[in-house]
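Undergrad:
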Amino acid sequence: MCRILGYLGTPVLLEDLLYAPDSSLLNQTIGAQMLQMLNLAGFGMAAWDPASHDPHLPFRYRTTQVALFDRNLKALAGKLRPGALLAHIRGVPYNSTVQINEQNCHPFRFEGVPLAMAHNGDLAGFREMRFDLAPHVRPEFARQIQGSTDSEWIYALAVSALDDPAGVNEPDAILAAIRRALSILRDARARHGITRSSSTNLMFCDGVNLVAVRFTFDFGRFDAGKLQGTTEYLSMWYTFGRDYGLHDGEWKLTGGAASADSVMVASEPLTRDFATWIEVPEYSALIVRHEGARRRAEIHALEV
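Each residue of the sequence shown is one higher than the last, beginning at 3 in this note's numbering.
So, in structure tokens, the structure goes:
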């Protein structure tokens with residue numbers, strides 16, 4: 003059911019984020035610690051490199067290749083030093099009904115919108131309620147939907163709920179838009195009598211702000227015989243500090259909250275040792291605030 007990584011802080015080599023840790027995002031393609039599934043349906047990222055031309059625009063890369071075997075990605079990872087990253091490996095049910103194409107790879111980002119989004123989860127009954135969602139999506143965004151996933155529609159709902167989707171929004175405004183999108187989904191589920199558990203772990207980043215939510219509709223209502231990931235509350239963890247690198251044999255951030263200039267959020271810790279990672283509570287949102295050079299992670303209850 004996918005894995006996500008978000009980073010906001012001082013620039014670091016992309017290779018050190020995607021490849022170096024012993025349980026790195028790319029290693030989670032075939033060896034996730036908290037999800038016994040293979041995530042083979044594609045990779046994508048939005049990486050904001052402050053040294054690049056027009057650093058406010060992310061470098062975007064999406065492919066249906068299995069990321070571990072992608073030599074182009076490996077070469078890029080040795081060159082980019084993003085100060086913000088949103089990366090995603092896609093996991094899907096093992097059957098021929100799933101569409102594997104670039105348009106369905108995360109993260110999603112519409113033209114003219116700074117905010118990008120990645121999703122870990124699955125909306126039960128999406129085909130039945132999709133057209134109920136259309137009136138809540140701005141026409142300029144509806145025209146940009148290219149894929150067939152529920153995730154892209156969640157993104158369209160959220161950016162449509164922003165007062166100024168073309169601007170850089172404060173974390174509170176982003177969170178309010180996410181709440182609005184989840185409320186629309188809740189109402190559509192009710193109209194169609196959809197009660198099966200549906201995970202909507204979301205991560206949004208625009209290169210300046212990062213907001214993540216850990217949320218599930220109707221947790222505990224499962225169908226028999228479903229894949230792992232549709233029958234559990236999907237995980238999300240975060241860590242903060244400074245000087246990300248190899249310290250005492252572990253890839254991690256050092257220091258405490260008072261000196262933190264970087265925050266990392268992921269579906270699961272990137273290291274076998276969880277000591278420096280904190281679990282995001284269920285039904286919660288994490289927002290990253292700036293205080294000068296310092297960055298602070300806040301947890302908020304998410305009521306929808």
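Backbone N, C-alpha and C define an ideal beta-carbon position, used for all residues, glycine too.
Since the structure is predicted, the reported quantities are computational estimates derived from the model, not experimental observations.
Excluding sequence positions up to five away, which residues of its chain have a Cβ less than 6 Å from the Cβ of Met266?
TA: Residue 266 sits at position 264 when you count from the first residue of the sequence shown. Closer than 6 Å at Cβ, skipping near neighbours: Tyr9 and Thr241.
Undergrad: When DSSP builds the beta bridges, which residues end up paired with Met266?
TA: Position 264 of the sequence shown, counted from the start, is the residue given in the question as residue 266. Bridge partners of Met266: Tyr9 and Thr241.
Undergrad: Using CA coordinates, which residue listed in Gly251, His292, Glu154 and Arg291 is at the minimum distance from Asp24?
TA: The sequence position of residue 24 within the sequence shown is 22, counting from 1. Selected option, being the one with the closest Cα: Gly251.
Undergrad: Would you report the Cα separation of Ser185 and Trp253, rounded to the nearest angstrom?
TA: Indexing the sequence shown from 1 puts residue 185 at position 183. Indexing the sequence shown from 1 puts residue 253 at position 251. Between Ser185 and Trp253, the C-alpha separation is close to 38 Å.
Undergrad: In the DSSP assignment, find the alpha helix (DSSP H) that holds Val161 and state where it starts and stops.
TA: Stepping through the sequence shown from its first residue, residue 161 is reached at position 159. It spans Asp152 to Ser162 - the alpha helix (DSSP H) in which Val161 sits, taken as one unbroken run.
Undergrad: For Ile301, name the three-state secondary structure that DSSP assigns.
TA: To locate residue 301, count along the sequence shown from 1; it is residue 299. DSSP places Ile301 in the strand class (E or B) of the three-state scheme.
Undergrad: Return yes when the Cβ of Leu75 is within less than 9 Å of the Cβ of Phe45, no when it is not.
TA: As a working note, residue 45 is residue 43 in the sequence shown. As a working note, residue 75 is residue 73 in the sequence shown. Judged by their CB atoms, Phe45 and Leu75 are nearer to each other than the 9 Å cut-off.
Undergrad: Quick check on the burial criterion: 16 or more other C-beta atoms within 10 angstroms. Buried or exposed for His90?
TA: Stepping through the sequence shown from its first residue, residue 90 is reached at position 88. The residue is buried, with at least 16 neighbouring Cβ atoms inside 10 Å.
Undergrad: Should Tyr235 and Thr218 be called a contact, given that it needs their Cβ atoms to be closer than 9 Å?
TA: In the sequence shown, residue 235 corresponds to position 233, counting from 1. In the sequence shown, residue 218 corresponds to position 216, counting from 1. It is a contact, given that the beta carbons lie within the stated cut-off.
Undergrad: Can you have a look at Thr222 and say buried or exposed, based on whether 16 or more other CB atoms are within 10 angstroms of its CB?
TA: Counting from one through the sequence shown, the residue named residue 222 turns up at place 220. Reading off the sequence, residue 222 comes out as Gly, not Thr. It is exposed - the Cβ of Gly222 has fewer than 16 other Cβ atoms within 10 Å.
Undergrad: Going along the chain, which residues of its own chain have a beta-carbon closer than 8 Å to the beta-carbon of Glu130, five neighbours each way excluded?
TA: Position 128 of the sequence shown holds residue 130. The residues are His194 and Ile196.
Undergrad: Would a C-beta distance cut-off of 9 Å place Pro116 and His55 closer than the cut-off?
TA: As a first step, residue 116 must be located in the sequence shown, where it is residue number 114. As a first step, residue 55 must be located in the sequence shown, where it is residue number 53. It is not a contact, given that the beta carbons lie outside the stated cut-off.
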